[in-house]
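Novice: If you count the sequence shown from 1, position 237 lands on 644 in the working numbering, and the numbers rise without skipping.
Beta carbons are placed, not taken as given, at the ideal position from N, Cα and C, and that holds for glycine.
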Amino acid sequence: MRLYTATITSNNEIRAGVHLIEMHVPALASAVQPGQYCMVRCCHALASDPLLRRPFFVHSVRPALGLCTLLVHVQGRGTSWLGGQREGGTLDILGPLGHGWEVRPTVRNLLLVSESSMISSITLLAQSAIEQELAVTLVAHFSNAAEVYPPALLPPEVEYHIITADGSLGEQGEVQGALGDYLVWADAACCSVSRETAVVLYATFERMRGRNFAQALVLRPLVCASGVCLSCSFETLSGMKVICRDGPVFDLREVARSVTI
Ligand SMILES: Cc1cc2nc3c(=O)[nH]c(=O)nc-3n(C[C@H](O)[C@H](O)[C@H](O)COP(=O)(O)OP(=O)(O)OC[C@H]3O[C@@H](n4cnc5c(N)ncnc54)[C@H](O)[C@@H]3O)c2cc1C
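1) Have a look at Ser535 and Glu522 and give me their C-alpha separation to the nearest angstrom.
2) Any chance the CB of Gln482 is under 7 Å from a heavy atom of ligand 1?
3) Would you say the beta carbon of Pro457 is closer than 7 Å to some non-hydrogen atom of ligand 1?
4) Can you have a look at Ala623 and say buried or exposed, based on whether 16 or more other CB atoms are within 10 angstroms of its CB?
5) Three or more C-beta pairs closer than 8 Å, one from the region 546 to 558 and one from the region 570 to 586: is that the case here?
6) Taking Cβ to Cβ, would you say His431 is nearer than 8 Å to Gly483?
7) I think Leu541 touches Val514, with their Cβ atoms under 8 Å apart; what is that distance to the nearest whole Å?
8) State yes or no: is the C-beta of Phe657 nearer than 7 Å to some heavy atom of ligand 1?
9) Quick check on DSSP: helix, strand or coil for Val439?
10) Report the rounded CA-to-CA distance for Met446 versus Asp499, giving the unit in angstroms.
11) How would you write the range of the alpha helix (DSSP H) that Gln534 sits in, first residue to last?
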């Protein structure tokens with residue numbers, strides 16, 4: 408983990424309230440692993456509001472050029488400030504942090520599952536898996552066509568299966584209904600979904616594929632990001648875990664069968 412000063416090279420609002428921010432920050436671009444996150448200071452250097460840094464995944468990297476991108480959904484004060492930053496501005500970033508996605512060396516076919524804005528947690532994994540010549544399918548659920556993550560931002564080799572709740576683009580329905588044949592094809596699954604969906608997926612995955620097949624993400628507002636304040640702790644079958652240090656990626660079983668989240 409290090410403190411970086413990143414220089415913004417572009418900020419594109421890809422749809423209302425969603426910014427793709429590209430930054431020149433070579434050491435981070437080389438160091439970050441898929442599923443790890445960074446804590447970004449969301450105010451100017453001499454200001455202190457908001458006081459706490461905000462967590463973001465690195466959405467993609469181009470290590471040869473020293474570039475990283477963040478995909479920022481504007482929610483409140485911190486993300487509004489970040490979305491308003493322009494080319495040439497600097498960002499103060501702490502990272503990479505946490506325990507990300509682990510793909511076993513024997514995996515050839517990788518299934519990625521995501522819901523809505525959580526997709527930024529797996530885009531770097533898609534990029535890295537394609538670079539390692541894995542076959543990658545992303546099954547992603549959105550509420551409607553306007554919210555769909557642009558296919559052009561994914562490596563072209565990724566098979567992208569879009570599901571919308573209202574059927575305005577791709578297949579209509581829920582994510583679990585679309586997994587069918589992919590579960591037979593995949594050697595491993597990485598799921599960036601709500602806990603409710605994780606519980607449903609776990610029942611199917613364990614029945615069809617047994618243990619250690621899938622990992623899942625747990626997201627909650629983070630305060631210290633160093634495992635000290637315990638505000639992001641939750642009780643699993645194997646004991647107390649903190650999301651900021653032990654996660655945000657866990658075995659799906661731990662997430663689905665956790666006592667409190
Ligand atoms: C490990 C991790 C990685 C993340 N990566 C990304 C990312 O790549 N892109 C992105 O757009 N967002 C990401 N988020 C969520 C992002 O950090 C929050 O949206 C942000 O902190 C909100 O800050 P704010 O000051 O704009 O809003 P605030 O004023 O602090 O809060 C606005 C609203 O957002 C809610 N909120 C805050 N944090 C979260 C959270 N973690 N999950 C759900 N709701 C939240 C608050 O409860 C409140 O209702 C990530 C969160 C975590 C924990």
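Specialist: So, to answer that:
1) What you label residue 535 is simply residue 128 of the sequence shown in a count that begins at 1. What you label residue 522 is simply residue 115 of the sequence shown in a count that begins at 1. For Ser535 and Glu522, the distance between alpha carbons rounds to 20 Å.
2) Taking the first residue of the sequence shown as position 1, residue 482 is located at position 75. Indeed, a heavy atom of ligand 1 lies less than 7 Å from the Cβ.
3) Counting from 1 along the sequence shown, the entry for residue 457 is found at position 50. For ligand 1, at least one heavy atom lies less than 7 Å from the Cβ of Pro457.
4) As a first step, residue 623 is located in the sequence shown; it is residue number 216 there, counting from the start. So Ala623 ends up on the buried side.
5) yes
6) Counted from its first residue, the sequence shown places residue 431 at position 24. Counted from its first residue, the sequence shown places residue 483 at position 76. No, these two residues do not count as a Cβ contact at 8 Å.
7) What you label residue 541 is simply residue 134 of the sequence shown in a count that begins at 1. What you label residue 514 is simply residue 107 of the sequence shown in a count that begins at 1. Contact holds; Cβ gap of about 6 Å.
8) Residue 657 sits at position 250 when you count from the first residue of the sequence shown. No, the Cβ of Phe657 stays beyond 7 Å of every heavy atom of ligand 1.
9) The sequence position of residue 439 within the sequence shown is 32, counting from 1. DSSP places Val439 in coil when its eight states are reduced to three.
10) Locating residue 446 in the sequence shown gives position 39, counting from the first residue. Locating residue 499 in the sequence shown gives position 92, counting from the first residue. Each residue's alpha carbon lies about 9 Å from the other.
11) What you label residue 534 is simply residue 127 of the sequence shown in a count that begins at 1. That run of the alpha helix (DSSP H) goes 530 to 538.
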